[in-house]
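Reviewing the structure listed below.
In our numbering, the protein residues as written are 1 to 171.
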């Protein structure tokens, strides 16, 4: 009995003369034929085309936002330049006032001259400090706003690029 079991041969089942592998291949061909007949490749291509159009629209929007950010940056740079000119004018005006005070005080006694000169110098120093502090505050605000917008734009564009790369990689 042991000898008969060793010589038995394995027989694969078949239907209509096709082995299981043949039926699987035939089923795949029929399935692929139905997909082509129903237009699935056109649907896939249409979906991809719509995603590509959406990505292009996002890229165009990112370019537009970047241009707006550049315009804002130029505007803030102009505001900073105006603030610097205003500060210089304020300092010049303060110096002019100090010179007038010194000229008026020259007619008075030595003590009055010393006292008024000291007052003028204190006024110049205070005006310079106030002008410098005002200019620093304006420049810091303008720089912070411009930097925030530029960073937001750069991040948005990078995120858009990453989204495009992920979408293309998924295809």
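The C-beta atom is built at its ideal place from N, Cα and C for all residues, glycine as well. Given the structure is predicted, the values throughout are model-derived calculations rather than measurements.
Consult DSSP for residue i and reduce its assignment to one of helix, strand or coil.
i	result
residue 147	helix
residue 171	coil
Below 8 Å on the Cβ atoms is my contact criterion, and I expect residue i with residue j to pass it. Report the Cβ-Cβ distance as a whole number of Å.
i	j	result
residue 164	residue 44	Not confirmed; about 19 Å, so no contact.
residue 135	residue 87	4 Å
residue 26	residue 18	7 Å
residue 146	residue 76	5 Å
residue 115	residue 101	With a Cβ gap of about 11 Å, residue 115 and residue 101 do not count as contacting.
Give a yes or no on whether the minimum CB-CB distance between residue i and chain C is below 7 Å.
i	result
residue 137	In the structure shown, chain C cannot be found, because there is only a single protein chain.
| Segments of 3+ residues assigned as beta strand (DSSP E) that fall wholly inside the region 69–142 | none
| Hey, is the region 68–77 in contact with the region 116–123, meaning 3+ C-beta pairs nearer than 8 Å? | no
| task | Please go through the region 11–61 and give each complete alpha helix (DSSP H) segment of 4 or more residues, from N-terminal end onward. | result | 20–37
| the region 78–88 touching the region 130–142, judged by at least three CB pairs closer than 8 Å | yes
| Sufficient close CB pairs (3 or more, under 8 Å) joining the region 128–140 to the region 41–51 | no
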